[in-house]
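Protein chains in written order, with this note's numbering: chain A, 6 to 115; chain B, 277 to 1169.
Ideal Cβ positions, reconstructed from N, Cα and C, are used throughout, including at glycine.
Report on the following structure.
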Amino acid sequence: MSDSSLDLLRGTVDLLVLRTLAWEPMHGYAIAQFVRTQTDGAISIESAALYQALHRLEKRKWVRAWWDTSETSRRARFYELTAEGRKQLRDRSSDLKAYVTALYRVLDAR
Amino acid sequence: MRRRPLARILRLPRSADRIRADLEEEIQFDIALRARDLEASGLSPADARARAEHEFGDLDATRRYCEDLDMQREAEERRVNLLDDLRSDLTIAWRGMRRAPAFAAVVILTLALGIGANTAVYSVVRRVLLEPLPFRAPEQLYRLYTVGTRPNEDTDKLSAVELDMLARESKTLAGITEFGWIGSGTYSDDKVAEVWPTAMVAPNFFDVLGTRLARGRAFTSDEAQPGASKVAIISYARWQSNFGGDAHILERTIEMNGVGYRIVGVLPSNFLGPTFTADVVFPLQIDAALRNPRSNVARVYRGIARLRPGVTRMQLESDLAMLHPRLQAQYQQLRGAGAIIPKPLHAAIVGEAAPVLVLVMVGIGIVLVVTCVNIAGLFLSRAVARRRELGVRAALGAARGRLVRQVITESALYSVAGGLLGIGLAFVLKRAFLVLIAGLLPAMTEDVPLSTPLLSMALVASVLCGIVFGILPALAATRLDMRDALGDAGTRSLSAGRGAARGSRILVSAQIACAVVLVVGAGLLARTFMSLMRTDLGYEASQRQLAFGLNPTRSKYPDRASTMVLARTLTERLAGLPAVSAVGVTALTPWMGGMMAVPMRIEGRPVDTDPPTIQFATASPDYFSAMGVPVRSGRAFTNTDETSSPPVVIISEAVARRFWPNASPIGARVRIDTDVPGDSDRVREIVGVVADTRENVLSPITPLLYVPTSQFAHFSGTFVIRATRDAATLVPQIRDILHTIDPGLPLFYPRTVRAIAAQSMARQQLAMGLVAGFAILALLLAALGVYGIMAYTVVARTREFGIRSALGATRRSILGLVLRNGLAVAAAGIGFGLGLAALLSRFMASLLVGVSTHDALTFVIAPIVLGVVSIVATVIPARVATRVHPVEALKAE
């Protein structure tokens, strides 16, 4: 991995979004809520970054979107993983896991 | 779990505004939910809203970023969709074609024929009529003609003095050149003896035309003097065929009529003889002719003039008009001779063929219109028949534009297929067309390429056709209300699509009108042809008569005595053939036209300073019986009319009528000056009167004087043989006889007299054949159109007829209803067509002989023909309609 730190950050947001959508299709606000709950508030994705990530992923055809009625009975844009998105999620999470493990080894070295 | 709805399959394109609105809604939804949650934790609505917006992050950057991405995504999807649509359209179209192969075949074939025929004919027409001649600045070149002052006068020749004065004194000409003596000669080498067309040209001929020779040089003026060394220029084709393209051709000699000529040049491969074709050309000795006061006023040379740059035709004409009186003042022999008039060289060359080509182009154009109308009609009825299908697809969510596109794709597929097939056909048809018109234009049409711009134009036109054919019916069919197409209204309405039905009726009327125009054209030409056939040529023109030329080479037959021996031997041997009943020899057959006019003075009448000139010919004893020219009074020549016996002459009826209107000319004596050395000014006794003859069916009769072949100093002969069977079968035997007498003598152009006579009608015959062909094609198409429309209407009205007969209408009344309908359409078409034909027929005037352009009979018969065709095409579907049982009719659909 030779990404710059911004790319790393973006890549991380993308990965979080993909992972979340792997559970079930949901709209943007639900994705943010899900990540926050899942990490007990440790990670909170800023909305600006989240929507940019969603539209980026949609253009790459890793997710697709449609309009549907939400739980508030307002129209919301729902996202779901595509087959390609699922594959990318698998590849990228193992890459990131390997990277994080390596990072730990350095940080925890005695 | 939330699922993606199925309707998502039909994706509609989003506009930029729509994309922005969607994005804003998504963002506002996020902010609203966040504000709601914040409000739940105790904030005031206004504070919650402000906080939510703040927590969202950089709103504007997000809007810009997402919008940009969405736009890109949209563009991408549109591209993908377009390809997907095209593929599915093509699949649907292909399935449609397979479902209705006859429809597909008719559409593709008619398109192919239309495109192929037009490309082929137009390629030829363009080459002949529109392309410049292969000379330098061809627009400056003019052929010089004279105004005829007597009937049947040759108007394409000038005298040496006239040409000389023009060359010296004209202010408008950059150059003037002459050619003449267009004929044929015998080429011989150790292997073959062939007949080659020949011509003579002045030394400056190629210079004035601006033609570069392929090899060698033009003639020098020294070579055009009497007694100069004998030189010739041969054609490119002969250089290739007889000399194998020999690189040393300029060192060789050829033998023509037994005389050797040194080859000094080779004509260019694209050489076009201005109104002649020649395999070999010789120098024209115009200077010597100019010096001879006896012959320099004889109009025997064909002139070509080149204008100075910037000079107009008007200026040339006034220049010529000014020179004319001066010539007449200087040369009294030219008094009374017609003035000189220029004609653009292109028109002079194309002349005869132009009206035929134009006729063909117009004919093809009309057929193409009928074809297009037919196809449009077919598509229209099909589109109407497919209202339901299109309605269903519209109901399933297909946009109107999408449906129109599909129908267009379909017709475009047809037209591209038709266009490609048409290009293939164009090559075949072009060859066929060239063969057809070869007789009219030998020199220009040897190799006409199909022009690439034309072909591409034809392809584009075919695609455009497809789009137009497709789009109109498609719009008509998709304009309809969905309920109308799907629901009860669609099936219960009495006539499906009134607008479409009216459209079809107009199309059929247009077709019938086009067919009327072509039938009138064919009728006028047929009437011309019939009137020509009835024309009495004055001689028999049968398949049992054969004519051929004999051209004894001067080296072997140097004097009159030796040629007479040859002619007599040949005559006897031919007469000995069992199938031959008469053998005649003449210097001038009727079809050769004016060759030699001589002055005639009648003994015992006042001496005329300007005696009348009359065409002169020779005839052997059996000539009149072989030709089938009846002897009206007196006798034909006999074997006792010898060289040494008293000079005699036979005159034609026209001569007798003119000079002896009230008495018998037999026994009268006339003085004839043939101006041939050894034969001038002999007094001859008239011994017979024979029937008048004419050059061809189109020309007036030729007054003629005949003297016995044996009593004329110069021999040149055409043999005419009368046989008891098809004379064409005798050619091998005749050739054998000639070969045993002298192997170096070729048989010149053996043809039956019927073939010769037919040739003079070739133009009319060809024009008639072509227009008749077009007319039949147009009739067929129009009949198909009427039939198709009527059949369709009947099917569409089945239910109505059912109701009518259930209510008590008889079969007859329904039949009458359908017939009235069809005939109304036909009558409209016929009326319009007759008007159009009356307007257009005057363009055919130059092809009509003995028939008015508004010939009543033709204008009566043509509508009858169309009427009958329309009735038949209407009755068949009408009978079907009346056979339908009312119950079935009401149950239908």
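The region 1043-1051 of chain B touching the region 1128-1136 of chain B, judged by at least three CB pairs closer than 8 angstroms = Not touching, per the Cβ criterion.
Between which two residues does the beta strand (DSSP E) carrying B/A469 extend?
-> It spans A469 to V477 - the beta strand (DSSP E) in which B/A469 sits, taken as one unbroken run.
Hey, A/T17 and A/F39: beta-carbon distance below 7 angstroms or not?
-> In this structure, A/T17 sits away from A/F39, with a CB-CB distance that is not shorter than 7 angstroms.
Okay, do the region 490-505 of chain B and the region 527-536 of chain B touch, 3+ Cβ pairs below 8 angstroms being the bar?
-> The region 527-536 of chain B and the region 490-505 of chain B do not touch, with fewer than three beta-carbon pairs separated by less than 8 angstroms.
Flag A/S52 as yes if its beta-carbon sits less than 7 angstroms from any beta-carbon of chain B, otherwise no.
-> Cβ-Cβ to chain B under 7 angstroms: yes for A/S52.
In three-state terms, what does DSSP make of B/T1158?
-> The answer is helix: DSSP assigns B/T1158 an H, G or I state.
So is B/C342 in contact with chain A if we call contact Cβ pairs under 7 angstroms?
-> Interface criterion met: the Cβ of B/C342 is under 7 angstroms from a Cβ in chain A.
Quick one: give me the first and last residue of the beta strand (DSSP E) that B/G860 is part of.
-> Note, B/G860: beta strand (DSSP E), V856 to T862.
Using DSSP with H/G/I as helix, E/B as strand and the rest coil, what is B/L800?
-> It is helical.
Please decide whether A/G33 counts as near chain B, where near means a Cβ-Cβ distance under 7 angstroms.
-> Cβ-Cβ to chain B under 7 angstroms: yes for A/G33.
Closest by C-alpha distance to B/V683, when choosing among B/I948, B/K706, B/R945 and B/R669 | The shortest Cα separation from B/V683 among B/I948, B/K706, B/R945 and B/R669 belongs to B/R669.
Residues sharing a beta bridge with A/E85, DSSP = Under DSSP, A/E85 takes part in a beta bridge, and its partners are A/R69.
What span of residues does the beta strand (DSSP E) with B/Q516 cover, start to end?
-> From DSSP, B/Q516 is part of no beta strand (DSSP E) but of the alpha helix (DSSP H) over Y512 to F519.
Going by C-alpha distance, which of B/F655, B/D344 and B/L1124 is nearest B/G779?
-> In terms of Cα proximity to B/G779, the closest of B/F655, B/D344 and B/L1124 is B/F655.
From B/E302 to A/R82, what does the alpha carbon distance come to, in whole angstroms?
-> B/E302 and A/R82 have their C-alpha atoms some 6 angstroms from each other.
Compare the Cα-Cα distances from B/T308 to each of B/P321, B/V1127, B/Q348 and B/Y815 and report the closest residue.
-> Note on residue identity: the sequence assigns Ala, not Thr, to residue 308 of chain B. Out of B/P321, B/V1127, B/Q348 and B/Y815, B/P321 has the C-alpha closest to the C-alpha of B/A308.
Between the C-alpha atoms of A/Y109 and A/A37, what's the straight-line distance to the nearest angstrom?
-> If you draw a straight line from the Cα of A/Y109 to the Cα of A/A37, it comes to about 27 angstroms.
Below 7 angstroms between beta carbons is the criterion; list the residues of the region 345-365 of chain B that meet it against any residue of chain A, in chain order.
-> Listed in sequence order: L345, D346, Q348 and R349.
For B/W370, three-class secondary structure by DSSP | Correct three-state label for B/W370: helix.
Scan the region 893-924 of chain B and note each continuous beta strand (DSSP E) run of 3 residues or more that stays entirely inside, going in chain order.
-> Listed in chain order, they are 907-910.
Is the Cβ-Cβ distance between B/I642 and B/A1102 less than 7 angstroms?
-> Against a cut-off of 7 angstroms, the Cβ pair of B/A1102 and B/I642 comes out as no contact.
Going by beta carbon distance, what residues of the same chain come within less than 7 angstroms of B/S1089, once the five residues before and after it are set aside?
-> So the list is empty, once near-sequence residues are dropped.
A/H32, DSSP secondary structure in three states | In the structure shown, A/H32 falls within a strand segment according to DSSP collapsed to helix, strand and coil.
Any C-beta of chain A sitting closer than 7 angstroms to the C-beta of B/D306?
-> True, the Cβ-Cβ gap to chain A drops below 7 angstroms.
Host beta strand (DSSP E) of B/V556 (start-end) | From DSSP, the beta strand (DSSP E) with B/V556 extends over V556 to P559.
Count the other CB atoms, across all protein chains shown, that sit within 10 Å of the CB of B/E255; report buried if there are 16 or more and exposed otherwise.
-> What the structure shows of chain B is the stretch from 277 to 1169, and residue 255 of chain B is not part of that stretch, so it cannot be assessed.
Given a cut-off of 7 angstroms, decide if B/L705 and B/A393 are closer than it, judged by their beta-carbon atoms.
-> Yes. Within cutoff.
In the DSSP assignment, what residue or residues form a beta bridge with B/I1079?
-> Residue pairing by DSSP leaves B/I1079 without any beta bridge partner.
Using a beta-carbon distance below 7 angstroms, is B/A283 in contact with chain A?
-> Residue placement at B/A283 is poorly supported in this model, since its pLDDT is 48, which falls under 50; the coordinates still yield a value, given next. By the rule that beta-carbons nearer than 7 angstroms mark a contact, B/A283 does not touch chain A.
Can you tell me which of B/F1077, B/R1155, B/Y1063 and B/R1087 puts its alpha carbon nearest to the alpha carbon of B/A1149?
-> The option with the nearest alpha carbon to B/A1149 is B/Y1063.
How about B/E302: is its C-beta nearer than 7 angstroms to some C-beta of chain A?
-> Chain A contact via Cβ: present.
Express the C-alpha separation of B/R310 and B/A328 in angstroms, rounding to a whole number.
-> Spanning the two alpha carbons is a distance of roughly 6 angstroms.
Run through DSSP, which three-state label would B/M806 get?
-> When secondary structure is reduced to three states using DSSP, B/M806 falls in the helix class.
Through-space distance from B/E929 to B/P906, alpha-carbon basis | Spanning the two alpha carbons is a distance of roughly 11 angstroms.
Using 6 angstroms as the cut-off, classify the Cβ of B/L449 as near or not near the heavy atoms of the ligand GDP, replying yes or no.
-> Absence of the ligand GDP is noted for the structure shown, with no ligands found whatsoever.
By how many angstroms is the C-alpha of B/D430 removed from the C-alpha of B/A597?
-> When rounded, the distance between both Cα atoms is 19 angstroms.
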